[in-house]
Ligand code: GLY
Ligand code: MN
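In the working numbering, the protein residues as written are 30 to 493.
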């Protein structure tokens with residue numbers, strides 16, 4: 030946990046930004062697997078964590094702006110809990126650690142909310158993604174459980190996004206710690222990658238590294254010879270010589286800040302010429318973004334710039350043709366890169382996605398697109414110092430998508446479908462690093478960069 034003053038300052042700033050009413054921030058409850066006694070591993074809600082810091086389940090934070098009061102609601106554990114799980118400090122002790130003086134049992138939350146409603150106070154809440162909290166919210170404020178998104182407070186969402194988007198020094202320390210664990214995960218995966226080893230074995234080892242060095246892995250590892258599947262989870266299939274292994278994985282630091290990197294390793298130890306051609310295109314796009322991302326630049330323009338580079342490279346090897354600018358404007362390149370360049374990152378690996386991507390990544394100036402591929406861009410707005418973004422261009426050969434577009438004659442002025450045929454079983458390449466926007470440019474988060482230049486990767490995996 031950070032120093033209590035950090036949480037006090039964050040809540041004070043939030044109060045100022047929202048200005049009036051009462052803010053309700055739910056912590057998460059335990060989520061049962063098949064029965065309540067076997068829950069999924071607990072992860073605190075990121076907004077609760079940001080403002081109230083405590084990681085115990087079953088807490089709700091309230092900031093009554095109009096009456097300048099802060100509360101944490103929750104039930105103290107009883108002797109049965111102590112027997113099974115050990116002693117946990119009382120709710121009032123937990124609250125004191127983050128500078129909150131008012132606590133009360135959960136049953137009293139409704140009384141406080143009812144009193145606020147009776148006085149005509151606005152109740153501000155954010156969209157809920159967990160069903161138990163949708164129901165709890167519905168009970169408190171009288172909306173249907175599925176209305177938490179449409180009835181959420183835009184003022185609160187915007188205030189939280191403003192604050193969480195710009196990472197403070199203590200958060201950058203945590204992001205670097207996550208990056209350090211991510212480095213160990215990815216370099217271990219690169220070293221273990223060999224014919225006959227299963228995807229699941231490598232994923233298990235690297236997730237173990239995340240679990241043992243940080244709080245946990247940041248998301249289910251994507252690790253597959255089928256890199257063309259955007260979120261391809263590992264299987265027990267032994268890996269085959271000649272193919273590529275795509276590994277997209279990250280860690281959470283002890284304070285739950287994330288890392289998210291992707292590397293692609295040749296399973297036989299050497300890239301083929303075909304693999305070098307595709308990899309070099311992605312590498313050029315990735316590096317161009319690092320050279321060009323800086324405050325004031327639109328992330329949308331970083332995305333489009335990366336797409337232009339990919340198109341140029343695909344033209345050079347004969348897979349695309351025509352005018353690059355027109356090809357990118359029409360979305361033809363999206364058969365090869367059907368996703369966005371990257372997303373914000375912080376306490377959530379897709380930072381704040383639960384608050385609504387239109388508030389997190391877009392504004393009046395830059396609006397989301399509906400064009401295939403571009404509609405997956407999670408952020409388009411201008412960068413600010415302190416933003417942390419993932420830079421993750423890719424090229425994929427998705428047989429079903431190629432066949433569909435070919436059968437529909439899609440973008441046939443820009444795509445050489447015959448030349449694409451020999452790549453059908455290629456898989457995919459994505460390279461991903463997390464970048465911190467500085468005052469003048471950007472830098473990769475972390476002290477060490479996971480090897481990614483072609484020769485560097487081959488040398489690294491060959492070394493004992
Ligand atoms: N690293 C997984 C994703 O960004 O979707
Ligand atoms: Mn990512």
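Ideal Cβ placement from N, Cα and C applies to all residues, glycine included.
Proximity test, residue i beta-carbon vs the ligand MN heavy atom, cut-off 8 Å
i: residue 277; result: yes
i: residue 379; result: yes
i: residue 291; result: yes
i: residue 149; result: no
i: residue 371; result: yes
i: residue 281; result: no
i: residue 382; result: no
i: residue 461; result: yes
Option in the options with minimal Cα separation from residue i
i: residue 355; options: 345, 469, 404, 341; result: 341
i: residue 98; options: 122, 116, 128, 79; result: 128
i: residue 83; options: 60, 49, 126, 115; result: 126
i: residue 188; options: 45, 387, 124; result: 45
i: residue 365; options: 41, 390, 348, 115; result: 348
i: residue 458; options: 409, 108, 311; result: 311
i: residue 476; options: 469, 121, 373, 212; result: 212
i: residue 302; options: 346, 379, 269; result: 346
i: residue 195; options: 361, 246, 324, 77; result: 324
i: residue 362; options: 333, 308, 467; result: 333
i: residue 444; options: 79, 481, 357, 255; result: 357
i: residue 472; options: 287, 257, 322; result: 322
i: residue 241; options: 106, 309, 209; result: 209
i: residue 470; options: 148, 481, 331; result: 331
i: residue 255; options: 114, 465, 275; result: 275
i: residue 423; options: 461, 124, 468, 201; result: 461
i: residue 308; options: 71, 482, 43; result: 482
i: residue 257; options: 270, 43, 293; result: 293
i: residue 201; options: 493, 492, 474; result: 474
Same chain, Cβ closer than 8 Å to residue i, five either side skipped, listed in chain order
i: residue 3; result: Residue 3 is absent from the structure shown; the chain starts at 30 and stops at 493.
i: residue 138; result: 89, 91, 102, 169
i: residue 367; result: 259, 401, 402, 405, 425, 427, 430
i: residue 264; result: 227, 228, 229, 253
i: residue 487; result: 295, 298, 299, 300
i: residue 58; result: 86, 87, 159, 161, 162
i: residue 279; result: 207, 211, 214, 239, 246, 247, 248, 287, 288, 289, 290, 378
i: residue 39; result: 79, 80, 192
Backbone secondary structure at residue i - three-state DSSP
i: residue 250; result: coil
i: residue 318; result: helix
i: residue 346; result: coil
i: residue 379; result: coil
i: residue 184; result: helix
i: residue 222; result: coil
i: residue 215; result: helix
i: residue 53; result: strand
i: residue 292; result: strand
i: residue 419; result: strand
i: residue 406; result: coil
i: residue 117; result: coil
i: residue 430; result: helix
i: residue 327; result: strand
i: residue 472; result: strand
Other residues of its chain near residue i: CB distance less than 6 Å, five sequence neighbours each side excluded
i: residue 162; result: 55
i: residue 93; result: 51
i: residue 313; result: 338
i: residue 282; result: 203, 206, 207, 243
i: residue 81; result: 90, 127
i: residue 177; result: 156, 157, 163, 166
Beta-carbon proximity of residue i to residue j, cut-off 9 Å
i: residue 267; j: residue 225; result: yes
i: residue 484; j: residue 315; result: no
i: residue 327; j: residue 409; result: yes
i: residue 351; j: residue 442; result: yes
i: residue 343; j: residue 456; result: no
i: residue 53; j: residue 152; result: yes
i: residue 109; j: residue 117; result: no
i: residue 490; j: residue 222; result: yes
i: residue 77; j: residue 284; result: no
i: residue 418; j: residue 463; result: yes
Same chain, Cβ closer than 7 Å to residue i, five either side skipped, listed in chain order
i: residue 35; result: 199
i: residue 186; result: 155, 384, 385, 388
i: residue 411; result: 325, 326, 327
i: residue 232; result: 250, 252, 263
i: residue 75; result: 376, 377
Any non-hydrogen atom of the ligand GLY within 8 Å of residue i CB
i: residue 421; result: yes
i: residue 251; result: yes
i: residue 259; result: yes
i: residue 365; result: no
Residue i Cβ short of 8 Å to the ligand NAD heavy atom set
i: residue 431; result: Looking at this structure, you won't find the ligand NAD anywhere; what it does contain is the ligand GLY and the ligand MN.
Proximity test, Cβ basis, 9 Å: residue i and chain B
i: residue 423; result: Of the protein chains in the structure, only one exists, and it is not chain B.
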